[in-house]
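This report refers to the structure that appears directly beneath it.
There are 2 protein chains.
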Amino acid sequence: MVLTDIEIAQQATLTPIKEIAETIGLVEDDLELFGKYKAKLSMEKINALKSNENGQLILVTAINPTPAGEGKSTVTIGLGDALNRLGKKTVIALREPSLGPVMGIKGGATGGGAAQVLPMEDINLHFTGDMHAITTANNALSALLDNHVQQGNELNIDLRRTIWKRVVDLNDRALRKVVVGLGGAIQGVPREDGFDITVASEIMAILCLARDITDLKQRLGNIVIGYTYTRQPVFVRDLKVEGALALLLKDAIKPNLVQTIEKTPAFVHGGPFANIAHGCNSVLATTTALKLGDYVVTEAGFGADLGAEKFLDIKVPNLPKAPDAVVIVATIRALKMHGGVLKSNLQEENVEALKVGFANLEKHIENIQSFNVPVVVAINEFLTDTEEEILTLQQLCEEKGVKIARCSVWANGGAGGVELAKAVLSEMEGTSKEFSPVYDVNDSIEEKITAIVQKIYGGRQVHFEKKAKMQMKNFAQYGWDKLPICMAKTQYSLSDDPTLLARPKDFDITVRELVPKLGAGFIVALTGDVMTMPGLPKTPAALNMDVDSVGNAIGLF
Amino acid sequence: MVLTDIEIAQQATLTPIKEIAETIGLVEDDLELFGKYKAKLSMEKINALKSNENGQLILVTAINPTPAGEGKSTVTIGLGDALNRLGKKTVIALREPSLGPVMGIKGGATGGGAAQVLPMEDINLHFTGDMHAITTANNALSALLDNHVQQGNELNIDLRRTIWKRVVDLNDRALRKVVVGLGGAIQGVPREDGFDITVASEIMAILCLARDITDLKQRLGNIVIGYTYTRQPVFVRDLKVEGALALLLKDAIKPNLVQTIEKTPAFVHGGPFANIAHGCNSVLATTTALKLGDYVVTEAGFGADLGAEKFLDIKVPNLPKAPDAVVIVATIRALKMHGGVLKSNLQEENVEALKVGFANLEKHIENIQSFNVPVVVAINEFLTDTEEEILTLQQLCEEKGVKIARCSVWANGGAGGVELAKAVLSEMEGTSKEFSPVYDVNDSIEEKITAIVQKIYGGRQVHFEKKAKMQMKNFAQYGWDKLPICMAKTQYSLSDDPTLLARPKDFDITVRELVPKLGAGFIVALTGDVMTMPGLPKTPAALNMDVDSVGNAIGLF
């Protein structure tokens, strides 16, 4: 019988987090405990660590996702465990999951099988309250905005042109579009509004890019919440509430320390959307991990065209260093889907489809190489993979001059990641070239987007719709054009059409609209409709959840 | 120079909560730490304590509040400190504050001066996340309700007749009345909705009355969320989500342990509204305190007509015992306001006004005596009180046969509460009569409300409006009439008219509407408009808040 993730997790014996922390040189006084198995690092310790040397940074990314699954978080965790097995002092840095999807659809974000971070129930529920602090800060800003208008609107804010939305950390489609302020003069000013899920809040992106509390406060002040009746931008600093918002986030900004099943220390902290935001765990978590570990394994959201590109162009400028190696996770199943096989036929061997689908992996390999960072491909093995298929993929990678390693961490934990760990270690030994981002941040918005589309996606050209064109002009006038670009594009294809799998050619990308995220410090380019508030399915996972009389979670996964 | 509350709090030296816990027989393994100075008790320990003997229970209540202030929480804390000074092993049990008002109007809920619970910044901000867990559970239920209707409405729920609202833990008037589900067929079903502040959620009342997780789950299942098109009630158990809601609350239900400035252990846990709910800290906190301390000091919200009555008629049936003594807090200033003095003239001596205003205190004394519980009056002293005024109040109480004690805990901490502590201890020594509630829970709704109005408020009769009359009939048919009553009435007067101070006579009370809170286990009787979502003032306290570079709170109070 195959055990479920929660069964494996609940059978694991956890070590007190104090002892896990000791293995990377932390003492109890450096920690703010949340029960026995979770802790935040104190701000004093985070600041004191800044003078430490940096470890080696390994980024885990993936091919374009398919319904077959890739297992990026699982590989990240297993690779960390494997490095520790090889005697390398390794720390993992991961995103923390949103509660909303947990109540909706089975499946968490804490890895799987023998490669999980623990305690998985806590991490998937309230954890250390970071999401709730972000929700509160986001909605406090909304309340203060509406109150400003209610109390006389000194700033002349045009409520038809506000771009700041409320949030909840739930899947709640009924809140996507709402009208607030109804009920008469003393109940507020009626206006259209909407709720996003908390991880889509700009405050989440800010928390994940801030280097310290001072930087956090400045970024909060820079948020654009809307425009005046004379079309001038209104910033949070105009409302004078960035101090209060930073106060609400003073604990949420501290990285959370937990452990894997194999007792590898793991920072699980921050989890912004990977479309309208950059999709990586916090800068403070990665930076702190680099100061404490000789090796750090971290991940980026979605496929490498979005996640890795944003990690390298948006997050890296806020980190002490660029990655020393990148792992691209692929599965035989997913590559066969890129080669045209239906999900229902994936259990059948299909070498030809695999060869066709390899084109997707090939493009991501070339992309990462263009940043001048060493690449290793990880085959995340499934029971249905045949030796012939694996051999084919190995040959294709070798022809491309890229190291490839088999990886079975779901089934075997760190032991299943040793081949991958060795491959990564050997790749990092070579002489390192200078890191080369896709664009110069001082280029125009049009040039930067075009660079991403042509170099990373392999597209032909970019079509800017009328609104986006006008915004490019306005943003340049406001002085907002010297910022990195955050592309909001489908994760399923290198193009902006989710049905074009493998390596589409001769396609154009349409940019519909830009969104200024000046707090986060990037400009979002929307290439289609982006869902920022998921809905619940017909039979939500919540219907099977329960808790026993002493507080043990039931049916969580 | 007089120090502010936050200055006094930040100058205090905190003892690790592990050491505080040891003073009442708890070991580290019984605690789930939240940093060094906050902890939750483990559910295992809470359950294990149930066979312990109970300590003596002291309830602190007050006269009807005025703008002059009473200082009920401050006296509760100072009395606990004083009892500890006298060598009595004492534990305090208090409500935890809502974050919303903290952002709005200066002033927290953690006591004041030398009588505070610490760390006050944390308790007033996110604390241990209880409010956020309640917010999440409340809104998960809303999302699941709207999703049920969106996915086909198998239960035939009439969205015009839902009574379950969403919540945020903020003062946000623009959310009082909203329309959700706009935007077309895939965005949900449009309907009117509204947001209350989190502490007004029935889930808060449930958390505060539940005896354990099993009871919690059953109560959650009993929540009435609305009615079908055929006017049948719809319960949470019909949606089959009480298990998921209980899972979201599995940690929030555990009492939080902190300390006073004088290192007295204090449980700060749960804080339901005192109008549409019962206004006391959790049953689990009070019960656990009774098992750990020889003496427990706790408080009830608003004046004694609401807070103490609800404590005695709603909370006591869920406690292992009724109070052994009740302290009624009064101030010379507030009694003078009840005697007709304007706030601007309170610094002037006015013995005549004091005598007139004493009628308010007198009625509350009689009320508590009618429950067969010993009463002590505490004069919470202010600098402006004159000796003549204090002497007058002492004489009035002595004529009434009631012990009165001077109390200066704001200025002097526990030392300022020793006289009160001694008075309470001596009152508790007498032979105890059998506790006598105001009504028999098996009486009809009309009889129970009439009993409260006539016996406690001193009113003539109750006028039930048409809607309330129809509801009394319906509720009896549903079998919902054998529950205690939770009166929602102005806190400022014994009557339902906030301008009638002191001891109004010959007044009637109008009951407009009833609200079934079957999860909490009471029927709310609304006597007027009840504000369940506060607004922000013209200059919110948030504008003065900040945080320094290492995370210290600035301008919180």
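For the protein sequence lines, the chains are A and B, in the order given. Counting along the first sequence from 1, when you hit position 373 you're at 373 in my numbering, and nothing is skipped either side. Counting along the second sequence from 1, when you hit position 257 you're at 814 in my numbering, and nothing is skipped either side. Each residue gets a CB set at the ideal place from its N, CA and C atoms; glycine is no exception.
- Runs of alpha helix (DSSP H) with 4 or more residues, each lying fully within the segment 126-207 of chain A, are found at 130-150, listed in chain order.
- CA-to-CA, the gap between residue 160(A) and residue 315(A) works out to about 33 angstroms.
- Counting along the chain, residue 933(B) sits inside the beta strand (DSSP E) bounded by residues 932-937.
- In terms of beta-carbon proximity, residue 516(A) stays away from the interface with chain B, with every pair separated by 8 angstroms or more.
- Chain order gives the chain B residues near residue 178(A) as 735, 736, 737, 739, where near means a beta carbon separation below 7 angstroms.
- At a cut-off of 8 angstroms between C-beta atoms, residue 567(B) does not count as an interface residue with respect to chain A.
- Contacts with chain B at 8 angstroms (Cβ-Cβ) do not include residue 338(A).
- The residue from 45(A), 269(A), 91(A) with its alpha-carbon nearest to that of residue 20(A) is 91(A).
- Residue 397(A) is bridged by DSSP to nothing; it lacks a bridge partner.
- With the rule of 3 Cβ pairs closer than 8 angstroms, the segment 559-568 of chain B does not count as touching the segment 778-797 of chain B.
- Pairing residue 800(B) with residue 551(A), the inter-Cα distance amounts to about 11 angstroms.
- Residues of chain A whose Cβ lies closer than 7 angstroms to the Cβ of residue 600(B) are, in chain order, 550, 551.
- In this structure, residue 176(A) lies near residue 533(A), with their beta-carbon atoms less than 8 angstroms apart.
- Contact annotation: the segment 286-295 of chain A does not touch the segment 305-313 of chain A, with fewer than three C-beta pairs closer than 8 angstroms.
- Neighbours of residue 547(A) in chain B, taken as residues at a C-beta separation under 7 angstroms, are given in chain order as 770, 800, 803, 804, 807.
- Under the DSSP definition of a beta bridge, residue 298(A) partners with 59(A), 93(A).
- Under the 8 angstroms Cβ criterion, the segment 1037-1044 of chain B counts as touching the segment 1004-1011 of chain B, having at least three qualifying pairs.
- Taking C-beta separations shorter than 8 angstroms and ignoring five residues to either side along the sequence, the partners of residue 574(B) in its chain run 588, 590, 593, 594, 595, 596, 814, 815, 816, following chain order.
- Per DSSP, reduced to three states, the secondary structure at residue 585(B) is helical.
- Taken atom to atom, the span from the alpha-carbon of residue 528(A) to that of residue 833(B) is near 46 angstroms.
- Under the Cβ criterion of 8 angstroms, residue 269(A) is not counted among the residues facing chain B.
- Closer than 7 angstroms at the C-beta level to chain B, one finds these residues of the segment 97-111 of chain A: 99, 103.
- Chain A has a Cβ within less than 8 angstroms of the Cβ of residue 686(B).
- In this structure, the CA atom of residue 251(A) is about 14 angstroms from the CA atom of residue 268(A).
- Taking a Cβ-Cβ threshold of 8 angstroms, the residues of chain A close to residue 697(B) are 103, 170, 542, in chain order.
- Taking C-beta atoms as the reference points, residue 77(A) and residue 520(A) fail to come closer than 8 angstroms.
- Per DSSP, residue 1067(B) lies in no alpha helix (DSSP H); the unbroken beta strand (DSSP E) holding it starts and ends at 1066-1068.
- Between residue 523(A) and residue 462(A), the C-beta spacing is not below 8 angstroms.
- By the Cβ neighbour-count rule, residue 1027(B) is exposed, with fewer than 16 other Cβ atoms within 10 Å of its own.
- DSSP places residue 1051(B) outside both helix and strand once states are collapsed to three, so it counts as coil.
- In terms of beta-carbon proximity, residue 583(B) stays away from the interface with chain A, with every pair separated by 8 angstroms or more.
- The Cβ atoms of residue 737(B) and residue 174(A) lie closer than 8 angstroms to each other.
- DSSP places residue 338(A) in the helix class (H, G or I) of the three-state scheme.
- Between the alpha carbons of residue 383(A) and residue 570(B) lies a gap of roughly 59 angstroms.
- Secondary structure remark: continuous alpha helix (DSSP H) runs of at least 4 residues inside the segment 438-469 of chain A, in chain order: 445-451.
- For residue 367(A), the uninterrupted alpha helix (DSSP H) segment begins and ends at 351-370.
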